[in-house]
Structure formats: structure tokens, C-alpha cells
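201 is the number of the first residue of the sequence shown in the numbering used here; add one for each residue after it. No residue lacks a Cβ here, since even glycine has one placed at the ideal position from N, Cα and C. Computed from a predicted model, the values in this text were never measured in an experiment.
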Amino acid sequence: MSTEVRGLCADAEFVRIKRIRMVGFRSFQDYVLELPPGLVFVCGPNESGKTGIMKAVQLGFFTDAATTRQDVRRLASWGSEQGFRIELTLDTQDGEWEIVRDFEAGSNILIRPDGTRVRDKYRILEIVSGLLGLPQQGPEAAYTASLCVPQDELATGPEGLQKLIETRVLGGGVDVVRLANDAARRISDLRAGLRGGSRLGELTLALNRVEELETRLKQVTDKVQQGQHARAKLLSLTEEVEQLEREIKLLERKLENAKIYAQAKTAYERERGEFMKVYNLKQKREQLVKQLEQLEPDIKCLSERKAVLHQEASRKFRLEQLHRDISEVQREVSRLSEIRDKAAALLVQARQAEVEIQKFGPIDPAEADEAVRLNQLLAHQKESLRRAEQDCKEYERQLETCQEDLKRKSQLEARLSLMLETRKHVERVNSLARRAHALEQAIRQHENAKSEFSVLMPVSAEDVNKAMALAAEIAAMSQMPAGLDVEIIPEPGVYASLSIDGGPLEAVEPGATRVSALKQAEVVVPDIIGLRVMAADAEQFLAKLQQSRENLAQILDRYGVATPQALSEAFQKYRDSEAQVQAACGRLRDLVSAAGADVCEADLSTVAKKLAQDLRTQAQQAQQAVVAGLKELAMDQEELEKLEVSDVEEELQTLRREIEELTRTSSRLRGGIEGLRIGEIQETVKSITRSIDSIFKQAGCTCLEDLIDKAEKLQELQGKAKDLRSRAQDLLGDWTMEVLEAEISALSQDISRLEEERQDI
Numbered sequence: 201m202s203t204e205v206r207g208l209c210a211d212a213e214f215v216r217i218k219r220i221r222m223v224g225f226r227s228f229q230d231y232v233l234e235l236p237p238g239l240v241f242v243c244g245p246n247e248s249g250k251t252g253i254m255k256a257v258q259l260g261f262f263t264d265a266a267t268t269r270q271d272v273r274r275l276a277s278w279g280s281e282q283g284f285r286i287e288l289t290l291d292t293q294d295g296e297w298e299i300v301r302d303f304e305a306g307s308n309i310l311i312r313p314d315g316t317r318v319r320d321k322y323r324i325l326e327i328v329s330g331l332l333g334l335p336q337q338g339p340e341a342a343y344t345a346s347l348c349v350p351q352d353e354l355a356t357g358p359e360g361l362q363k364l365i366e367t368r369v370l371g372g373g374v375d376v377v378r379l380a381n382d383a384a385r386r387i388s389d390l391r392a393g394l395r396g397g398s399r400l401g402e403l404t405l406a407l408n409r410v411e412e413l414e415t416r417l418k419q420v421t422d423k424v425q426q427g428q429h430a431r432a433k434l435l436s437l438t439e440e441v442e443q444l445e446r447e448i449k450l451l452e453r454k455l456e457n458a459k460i461y462a463q464a465k466t467a468y469e470r471e472r473g474e475f476m477k478v479y480n481l482k483q484k485r486e487q488l489v490k491q492l493e494q495l496e497p498d499i500k501c502l503s504e505r506k507a508v509l510h511q512e513a514s515r516k517f518r519l520e521q522l523h524r525d526i527s528e529v530q531r532e533v534s535r536l537s538e539i540r541d542k543a544a545a546l547l548v549q550a551r552q553a554e555v556e557i558q559k560f561g562p563i564d565p566a567e568a569d570e571a572v573r574l575n576q577l578l579a580h581q582k583e584s585l586r587r588a589e590q591d592c593k594e595y596e597r598q599l600e601t602c603q604e605d606l607k608r609k610s611q612l613e614a615r616l617s618l619m620l621e622t623r624k625h626v627e628r629v630n631s632l633a634r635r636a637h638a639l640e641q642a643i644r645q646h647e648n649a650k651s652e653f654s655v656l657m658p659v660s661a662e663d664v665n666k667a668m669a670l671a672a673e674i675a676a677m678s679q680m681p682a683g684l685d686v687e688i689i690p691e692p693g694v695y696a697s698l699s700i701d702g703g704p705l706e707a708v709e710p711g712a713t714r715v716s717a718l719k720q721a722e723v724v725v726p727d728i729i730g731l732r733v734m735a736a737d738a739e740q741f742l743a744k745l746q747q748s749r750e751n752l753a754q755i756l757d758r759y760g761v762a763t764p765q766a767l768s769e770a771f772q773k774y775r776d777s778e779a780q781v782q783a784a785c786g787r788l789r790d791l792v793s794a795a796g797a798d799v800c801e802a803d804l805s806t807v808a809k810k811l812a813q814d815l816r817t818q819a820q821q822a823q824q825a826v827v828a829g830l831k832e833l834a835m836d837q838e839e840l841e842k843l844e845v846s847d848v849e850e851e852l853q854t855l856r857r858e859i860e861e862l863t864r865t866s867s868r869l870r871g872g873i874e875g876l877r878i879g880e881i882q883e884t885v886k887s888i889t890r891s892i893d894s895i896f897k898q899a900g901c902t903c904l905e906d907l908i909d910k911a912e913k914l915q916e917l918q919g920k921a922k923d924l925r926s927r928a929q930d931l932l933g934d935w936t937m938e939v940l941e942a943e944i945s946a947l948s949q950d951i952s953r954l955e956e957e958r959q960d961i
């Protein structure tokens, strides 16, 4: 879309549209139009979006975004299932106002210059009407009647627009005679009311209304006076209230000071109590010091006596301690001697058991245990091998069943996929056929509309307006009061022609003997006499009337019609046919644009026909695919069309999930077979057998029972020897026999020394 925006007269001060944003609106996907200050012209070719901009401004000002009107909802971009959004920015002397209409979310927002937001649609309409200077009641109608000139009125051209403005301002097309008759009737009604007739006229009703209003005014005046007295009293009471408020504030300050004084007094009493406690404790401490000084000589004497008693007690305590030490050392010597004797006996028995062990030769109990362990492991491995072979057979059977199910379901998946693809081809054939039919129908409508439009004669709106104005002028002149009365007296055998106001006498009521003329009446008796009677200004009046009739006749002859009404009907028919051509062209353009083509008006029909042919070709190709699919499926098209695509897709998805599950099961079964490791278990069995034979050969045994018997006896002797030595070691602890003998000797010496010290004490 190419749109040119030019600004003029930038020094004007008024509410202006600064910015327009349209999202998803008609041909605008997301378009922002910045308008400079002053007078703005939006120029561009047909279908570039000029009318859309004007419509967007009107919707942004007045239309509720939550409306359900279809004429508004259809303004969204073609093919879009969502609504549209319009944003307007208004520049005023107070700042910028922003209006946001979101027809998708159904929200209305007005942002004031200070940033506050208004969301109530009625309040937004009231504020916008105030900004634009429009009435609160019917602001949109006032806007379209005063600030907005529709496109069809602009399309008449500068002269037509000027005449339209003059007609609206000067009241063109109004029946003056009818207005005069209405005015006379209203004056008659008013006079009838003044004369006091049975029916009251509007003037009498108005006077009665004035009296009622004067009575009401007097009552309102009394209430106003009462209100003024009440207002004076209110002012007096207000002063008294202010005085009382000042006194209350003074009392509040005094109360606050009293609270502060009470808090300070409480703190003083608390500090004074703490001080008295400290003072009393200090006096008591001084008294205790004086008493201690008086008792100091007695304390010194008692200390000397205590030292003497302490020396005597120490000697007695040492003597008792020596008795206890001697007894304890003697008990320790007896205990150690007993341990020495028991340990020696256990060691002798252990050496005898070791001599018996040496008689068994090279048998190692560990090898016997290893042989037993290997024998158990061999039995376990053989059992594992047997179970593995059974599991392998079961896995192979399950794998074969799984492979058969997988093959069957894969065939079913291929059939369902072909069925789904063929069903989609059927829908594509139907869709292409519908599109081609709609396009061909639009082409026929477009060609029919163009052919009907081509045979019509273009009728100028200016000529229609001129013809209607001339007809109205002639009618107005014809309805002027009659100036001449002509009496018709027929004579036998005499033929006479009569013309009225320059024209022949056309319509005379049957039996009439008198006709009226405005300015001129002419009677002609052939070959005898011609008589013309006219008023003083007849020539000028008749010349003007004749000129108007000639001008009207020229216009009507130009279009081959007899009356202005017929000319207006021809003009309306021409406009209707033109509108039909444009509508058919628009529908055809929409269908072509929907197919992704973008052409000009001249190539529209050719491209549309080519597009319809391509759609038919695509439909035939899709139909061939349908026939091939139906043949492979062994189905007819009617049976296929009964299937729901969603059901087939759901069944196909379920089948594919089952196939994936079967594939995973097959892989798991193969992995299970490989995980059994039958060959490794067989090799392990052979290796264990060789190890057991080697142990038998080394120990000189023929069988496992012989080896186990010898190993058990050997192990029993080894355990006995170990137990004896362990018991001896438990008795000795961390000592050896030599250390134990030395310890017993040292303790005997300590006993002798303690006996000597006791004798000394």
C-alpha cells in the first residue's frame, strides 16, 4: 500500500489525531500512521486503505470493543479468526490522550495525559465527546454529520460537492409551497387560540405554560431565599465550630504536656528507688568489714591449731595408705602368679596339637574349602545353564509370536495410512471443486455485471440535479396565483385553439367552461382572428418559464427520457449497476487474493479464469489419486467418505503405538536371549571342573568326601591349637611370660620397701 501524508498549516491549535495504529484491521496487518500537525491529506490509489483509515478513526472514537455486531467483526483481516486492535493518540493543549480498542479481547482503555487509565466504556465515550466538542447524546451521529464527509459524497467531484454543500445549507429541494401552507396553518391555529375557541391554540397553551412557570419561579425564589438564610446561619455556625476546634487543639496540647510530666515523674521515682537500694547495700558492707576486723585475732589462733592437727592427720593417713598399698601389691602378685601358671599349661597343650597337625602332610584346609565352594558353584552354574536354556526357548517362542503380530499390524498400518491419505485426497477434491465453482460463479457474475453496465448510458449527477432543480422551478412558477380567467363558450361550426402561458391547453376537466392562466392566454380562430391577452410582466415571466422548459427538455432529450423522475431513476440504475460491478469485482479479487495471486484490475478476469482452470486440473489430479487409492483399498468413494478423518487418525496413532511397543518388545526379547550368556556359563562350568580336579590331585585325594574329611580333622586340630594359644594370650594380655616374671619380681621388691617404710612410721 502506497500512502502519502502531507501536513499544512502547522500553527493551528486544536485537538488533533497524532497517531493511528491498526493491527489485523482490513488490509492492515500492523500499520502505524503518524500524522503531522495541521491539515492532512491521505492520498493513494483505489483499495489502498484510505476508507479503512477513516473507518478506524470512527471505530476508535465511538465503538465498544466488546460489541457483537457482525458489520464490525467482519472488518478483521480476511482469513483471520482473531479480532483486530485500533490505537488512537490525540494531541491537546493538556497533553496526549491515548484510546485503545482491542476488539479481540473486548477491552476499552483511555489513557489520560497524567498516565491514569479509564476502562468504563460509557465514561470513555463521555470524555471523547467532550474532547471533540460533540453532544453527549448521539455523538457518533453528530460526528458523521459534521466532522466526517463520506466517500460517496466526495466521489461526485468538486462541483458536485459544492452543490451538495449549497443544497444542505440553503435548503435546496424543499417544497416552498408546502412550507408556506404549513406556516399559514400554524398561524391560523395560533389565532384560533387567541379568539377563545373550543380548541386551544399553541399560543394559548404557551401562555398557560408561562403562567405555570412564573408560579414555579416564585416558589423556587422563596426556596432560594430560605436557602440564603440557611447559608448565613451555616456560616455563623461554621465560625463557632472553628472557635471550638481551636479550643480543642489547645486542650489537646495541655493534655499532651500533662502526659509528658507524668512520664517524667514516674521515671524520677524509679531512679530514686534504685539509688536508695545501692545506698543501703553500701552501709551494710561497711558494717560487715568492721565485724571482720574484730574477729581477725581469733582467726589467726585457729589457723595455727589447724596446722598442728593437719600434720598429725597426714602421718596417720600415710600409715593407712601404706597398709592398703602392701595388701594391694600382694594381691597383684598372687593374681599374676596364677595367670603365669595357667598360661604355661595352655601353651604346652597348644604345642602338642601343633605336633599332631604336622602329621597330616600337605593338606590345606583353605584348598578344601575352595573345593567345596567350587563344587557348590558348579552345581549352581549347571542349574543356571538349565534355566537359561529353558528361558531361551521361551524367548524364541515369544519373539516369533511378536514378529508375526508386528508383520500383521504393519500391513494394517499401511492400509490405514493409504485410507487416510485417500480420504484427505477426497476432501482436497471437494475443496478444490468448491473453490473452482465459487470462482467460476464469481467470474460469471462479474461478466454479467460488466455487460449490463456497458449497455447503460452514463448519467451525470450534475444533470440530474439540474433537471430536478428546473422541474422544481417550473412547478413553483406554475403554482403561482392565477392572473387571468378565460371563459370558454363553444360555437357550432367554429374551431378555435387556446394556449395558456405560451403552451397549448393540455388538461381541462370535463364540462369546464373556465380555465385560469398565470400571465397570458391566446385564442386563435383559423383564417379569422387571433387574440392574445397578457399581464404587464408576462413577457419576462414567460421568457423565463420557456427558457426553463427548454433547458429541461434539452437535458431530458440528451438521455432519451420524458420526465426528471425517469432521469433520476436512470441515474440510480446506473449507480446500482456500477455498484454491482464493483461488488462483483471485489468478490472476484478476494477469491483471487485468497489463492495467493496479486493482479491489477485489467488482468483480474484472465487471472481468475486461469486460476479456476488450475483448480479444476488440481481437482482432477487429486481425483486420480483417489481412484487409485480406492482401487488398492477395494472400497467405493461413498464408503470412504463415511469415515471420519479424526477416527482414522486416532486408530492409526493407536496402531503405531502398538507397533512401537511390539518393536521394543522384540528388541527386549533379543536382548534377553543375548543376556542369558549360555556360552559363558558353559565355559565357566568347564573351568570350575578343571580347578576341582587340580585340587584333588595336589591333596592326594580321590574324591571330595575324602578331602573334606581330612580337611575337617586338620581344621579341628588347627582350631584347638589356635584356641589354646588364644586363651593363653587372653590371660597374658599385652605381656609375655618373660615380662610377667619380671613384673612379679618387681612387685616383690616393692612389698619389701613398703614394709620398711611402715616400720619407720
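DSSP state of residue i mapped onto helix, strand, coil
{"i": "glycine 786", "result": "helix"}
{"i": "phenylalanine 261", "result": "helix"}
{"i": "serine 307", "result": "strand"}
{"i": "glutamate 247", "result": "coil"}
{"i": "valine 369", "result": "Low per-residue confidence applies at valine 369: pLDDT is 44, beneath 50, and the placement is therefore not dependable, though the value from the model is reported in the following sentence. Valine 369: helix per DSSP, three-state reduction."}
{"i": "alanine 212", "result": "Residue placement at alanine 212 is flagged as unreliable, the pLDDT there being 34, under the threshold of 50; a coordinate-derived value is accordingly withheld."}
{"i": "alanine 762", "result": "coil"}
{"i": "threonine 292", "result": "strand"}
{"i": "leucine 606", "result": "helix"}
{"i": "phenylalanine 225", "result": "strand"}
{"i": "valine 723", "result": "strand"}
{"i": "valine 939", "result": "helix"}
{"i": "valine 489", "result": "helix"}
{"i": "leucine 698", "result": "strand"}
{"i": "arginine 312", "result": "coil"}
{"i": "valine 232", "result": "strand"}
{"i": "valine 374", "result": "Caution is warranted here: a pLDDT of 44 is assigned to valine 374, below 50, making its placement in the model unreliable, and no coordinate value can be reported."}
Residues near residue i in its chain [Cβ-Cβ closer than 6 Å; skip 5 each side]
{"i": "arginine 219", "result": "Glu234 and Thr289"}
{"i": "arginine 628", "result": "Ala822"}
{"i": "serine 768", "result": "Val664"}
{"i": "arginine 221", "result": "Val232 and Glu287"}
{"i": "valine 939", "result": "none"}
{"i": "tyrosine 774", "result": "Leu656 and Val659"}
Contacting residues, own chain, Cβ-Cβ under 8 Å from residue i (five flanking each side not counted)
{"i": "glutamate 955", "result": "Ile526"}
{"i": "glutamate 851", "result": "Leu616"}
{"i": "serine 202", "result": "Summary for serine 202: the model assigns pLDDT 39, below 50, so the residue's position carries little reliability; its value from the coordinates is reported in the next sentence. Excluding positions up to five away in sequence, the list reads Gly244, Pro245 and Ser248."}
Nearest-angstrom beta carbon gap, residue j and residue i [assumed within contact, 8 Å]
{"i": "alanine 550", "j": "arginine 890", "result": "Contact doesn't hold; Cβ gap of about 39 Å is too wide."}
{"i": "isoleucine 324", "j": "leucine 310", "result": "4 Å"}
{"i": "glycine 252", "j": "phenylalanine 284", "result": "Going by Cβ atoms, the distance from glycine 252 to phenylalanine 284 rounds to 11 Å, so no, they are not a contact pair."}
{"i": "valine 792", "j": "alanine 808", "result": "5 Å"}
{"i": "leucine 862", "j": "glutamate 613", "result": "Actually they do not touch by this definition, with Cβ atoms about 11 Å apart."}
{"i": "leucine 947", "j": "isoleucine 539", "result": "So it is not a contact: roughly 13 Å between Cβ atoms."}
Cβ-Cβ distance between residue i and residue j below 7 Å
{"i": "leucine 670", "j": "leucine 815", "result": "no"}
{"i": "alanine 649", "j": "glutamine 780", "result": "yes"}
{"i": "alanine 784", "j": "glutamate 640", "result": "no"}
{"i": "glutamate 957", "j": "leucine 519", "result": "no"}
{"i": "alanine 928", "j": "alanine 543", "result": "yes"}
{"i": "isoleucine 286", "j": "alanine 256", "result": "yes"}
{"i": "lysine 321", "j": "aspartate 271", "result": "no"}
{"i": "proline 313", "j": "glutamate 298", "result": "no"}
Outcome for residue i when other beta-carbon atoms lying within 10 angstroms are tallied against a minimum of 16
{"i": "leucine 413", "result": "exposed"}
{"i": "histidine 429", "result": "exposed"}
{"i": "histidine 646", "result": "buried"}
{"i": "glycine 260", "result": "buried"}
{"i": "asparagine 480", "result": "exposed"}
{"i": "cysteine 501", "result": "exposed"}
{"i": "glutamate 722", "result": "buried"}
Cβ-based neighbour list, residue i, same chain, cut-off 7 Å, excluding 5 preceding and 5 following
{"i": "glycine 338", "result": "none"}
{"i": "isoleucine 788", "result": "The amino acid at residue 788 is misidentified as isoleucine; the sequence shows leucine. Taken in chain order, the residues that qualify are Ala642, Ile643, His646, Leu804 and Ala808."}
{"i": "histidine 625", "result": "Ala822, Ala825, Val826 and Gly829"}
Proximity test, residue i beta-carbon vs the ligand ATP heavy atom, cut-off 6 Å
{"i": "glutamine 747", "result": "Questions concerning the ligand ATP fall outside what the structure shown contains, since it holds no ligand whatsoever."}
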